[in-house]
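Visitor: Going left to right, the sequence shown walks through residues 102 to 345 as my numbering numbers them.
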Amino acid sequence: MTSVLQAQALGKKYGRRWALRDCTIDIPAGRVVGLVGPNGAGKTTLLKLAAGQLEPTSGAVTVLGGRPGHEPAQLAKVGFVAQGTPVYNTLTVADHLRIGARLNPRWDAPLALERVERLGLARGQQAGRLSGGQRAQLALTLGLAKRPELLILDEPVASLDPLARRAFLQELTQAAAEHALSVLLSSHLVSDLEQICDYVIVLAGSRVQVAGEVGRLLAGHPPLGLEDLVLAYMDGSAVAEVRR
102 MTSVLQAQAL GKKYGRRWAL RDCTIDIPAG RVVGLVGPNG AGKTTLLKLA
152 AGQLEPTSGA VTVLGGRPGH EPAQLAKVGF VAQGTPVYNT LTVADHLRIG
202 ARLNPRWDAP LALERVERLG LARGQQAGRL SGGQRAQLAL TLGLAKRPEL
252 LILDEPVASL DPLARRAFLQ ELTQAAAEHA LSVLLSSHLV SDLEQICDYV
302 IVLAGSRVQV AGEVGRLLAG HPPLGLEDLV LAYMDGSAVA EVRR
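#1: Can you name the residues that DSSP bridges to Glu-314?
#2: Suppose contacts are defined by Cβ-Cβ distances below 7 Å. Is Ala-151 in contact with Val-164 by that definition?
#3: Could you compute how far the alpha carbon of Leu-198 sits from the alpha carbon of Gly-221?
#4: Would the stretch 132-147 count as touching the stretch 186-193 if we require 3 or more Cβ pairs under 8 Å?
#5: Suppose the cutoff is 6 Å on Cβ atoms and the five residues either side in sequence are ignored; what does the same chain contact list for Arg-117 look like?
#6: With distances taken from CA atoms, which of Ala-268, Glu-295 and Ser-283 is nearest Ile-253?
#7: Measure the alpha-carbon distance for Ala-213 versus Pro-206 and round it to whole angstroms.
#8: With respect to the alpha helix (DSSP H) encompassing Thr-242, which residues constitute its N-terminal and C-terminal limits?
#9: Check whether the Cβ atoms of Leu-294 and Ser-287 lie closer than 7 Å to each other.
#10: What do you reckon, are the CB atoms on Ala-312 and Met-335 nearer than 7 Å?
#11: Using CA coordinates, which residue listed in Ala-240, Arg-168 and Gly-233 is at the minimum distance from Gly-201?
#12: Taking DSSP as the reference, what is the three-state secondary structure of Asp-209?
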């Protein structure tokens, strides 16, 4: 089975503190992967290592068979939507699309235009005047129109209201299915991940506590739903009980 991301004893240290330690995972391609854990667990660090925005302190990571961020061809394969779905407030929707086309060799202009029109994003509107949900959809459009093989999203719906969250996740699920896209997204909202993810990684204490297919994990613990299972693995005192 093809892997989209492989990490072996991967670690990242800031000063004396390990943000991520001894991370060993093998994520199959074509999955929607939920990365979940408490604040400070290392979620953003792992995503930035996968995107090539950080260099490991220890261990190794490969994404789509190559070193993250090592060369333009590798960068073109990975889309990254940072925490807070950042856009440029003073630029219009059309400006964002022009910048995307200029920076990304695989840019899919018809896809970008279809999405902004279908979602009602006026091309002349400044991004700073869009609603939170509309800004998130614009950021997702930029990530998708890059036509990556892997799309990484860091807490993409954390600041959105329930309706905007649902709309964003529906669009993401549809896009992943239509374009055979691998997705890796972090969230602290397990209920949202349960709707769209078929693979989950739980981080706690800067270490991977469990990683695997959602269906297989739940089958191994029939009394528990995904949220209870994730919470148990996040709570170190409960792990031994869950593994029985």
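Positions of the beta carbon are idealized from the N, C-alpha and C atoms, including for glycine. Note that the structure is a prediction, hence the values are computed from the model and not measured.
Guide: On the basis of the supplied data:
#1: In the DSSP assignment, Glu-314 is bridged to Tyr-300.
#2: Against a cut-off of 7 Å, the Cβ pair of Val-164 and Ala-151 comes out as a contact.
#3: 15 Å
#4: The stretch 132-147 makes no contact with the stretch 186-193: fewer than 3 CB pairs, one atom from each, lie closer than 8 Å.
#5: Within its own chain, no residue has a Cβ closer than 6 Å to the Cβ of Arg-117 once the five positions on either side in sequence are excluded.
#6: Ser-283
#7: Distance from the CA of Ala-213 to the CA of Pro-206, rounded to the nearest whole angstrom, comes to 14 Å.
#8: 233-246
#9: no
#10: no
#11: It is Ala-240.
#12: DSSP, reduced to helix, strand and coil, places Asp-209 outside both helices and strands of the structure shown, so it counts as coil.
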